[in-house]
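Under this note's numbering, the very last position in the sequence shown is 155; numbers go up by exactly one each time.
Following: one structure in structure tokens, then a few remarks.
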Amino acid sequence: VKGRLNLVTRKPFHIWDDSYNANLESNKKAIDFLTTARGEGRLFTFLGEMKELGAESDGMHEKLGSACNICTQAFFLYDDVQASRAFQRGADEKALVFENTDDSIKKVSKLLLNELKPEDHLLIKGSRSMKVERLLEQLI
16 VKGRLNLVTR KPFHIWDDSY NANLESNKKA IDFLTTARGE GRLFTFLGEM KELGAESDGM
76 HEKLGSACNI CTQAFFLYDD VQASRAFQRG ADEKALVFEN TDDSIKKVSK LLLNELKPED
136 HLLIKGSRSM KVERLLEQLI
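If you want it as structure tokens, here you go:
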């Protein structure tokens, strides 16, 4: 199924498209899976803000940031500045946050193309409204 943890190989690195939807548990499960599956490669994440969380948004985004601490680098796309701050609190120095714009997608694409090495893995995941698949379109 398109957008459901599909491996899209762009040699020499691997892109995992899980752009269909996201919640805290599905994010954690995808990160855990790729931590095991990545072999010798490093793990990068490009995650979109989780939507419709109400009062639990800050806590959930902070937990998401914490889950990314096992990654080499975590990129976070946001609409709500408060969600980005919560994500940064959890992810510490590994978090790079970007406002949800086409220019940000292009900037992240350039950063990743310069950083990703052979056998590295990139997870792209986010709520549908964040349209994180735009990064995939830039990279392939």
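We put the CB at the ideal spot given by N, CA and C, even for glycine.
Residues bridged to residue i [DSSP beta-bridge criterion]
i: asparagine 21; result: Asp32
i: lysine 140; result: Asp33 and Leu62
Cβ-Cβ distance between residue i and residue j below 8 Å
i: alanine 101; j: glutamate 77; result: yes
i: leucine 151; j: isoleucine 30; result: yes
i: phenylalanine 28; j: leucine 126; result: no
i: isoleucine 85; j: threonine 51; result: no
i: phenylalanine 113; j: leucine 128; result: no
i: glutamine 153; j: serine 124; result: yes
Of the listed residues the options, nearest to residue i (C-alpha basis)
i: aspartate 94; options: Lys125, Gly141, Leu128 and Leu137; result: Gly141
i: cysteine 191; options: Asn129, Asn38 and Lys43; result: An answer regarding residue 191 cannot be provided, because it is not within the stretch 16 to 155 covered by the chain.
i: aspartate 73; options: Leu39, Ala89 and Gly54; result: Leu39
i: arginine 19; options: Gly63, Phe28, Thr87 and Asp32; result: Asp32
i: glutamate 55; options: Val147, Pro133, Gln153 and Ala89; result: Pro133
i: arginine 104; options: Asn129, Met75 and Ser144; result: Met75
i: asparagine 36; options: Leu49, Val96, Val147 and Leu79; result: Val147
i: arginine 53; options: Leu68, Thr24 and Gly80; result: Thr24
i: arginine 143; options: Gly63, Thr51 and Asn21; result: Gly63
i: phenylalanine 48; options: Met65, Thr116 and Leu22; result: Leu22
i: glycine 69; options: Gln88, Gln97, Gly80 and Gln153; result: Gln97
**Message:** My parser needs the alpha helix (DSSP H) runs of 4 or more residues fully inside the segment 50-117; what are they?
**Reply:** 72-82 and 96-106
query = Should the segment 120-136 be called in touch with the segment 99-109, which here means at least 3 C-beta pairs below 8 Å?
reply = These segments do not touch.
### Message
Within 8 Å, do at least three Cβ pairs link the segment 131-145 to the segment 58-66?
### Response
yes
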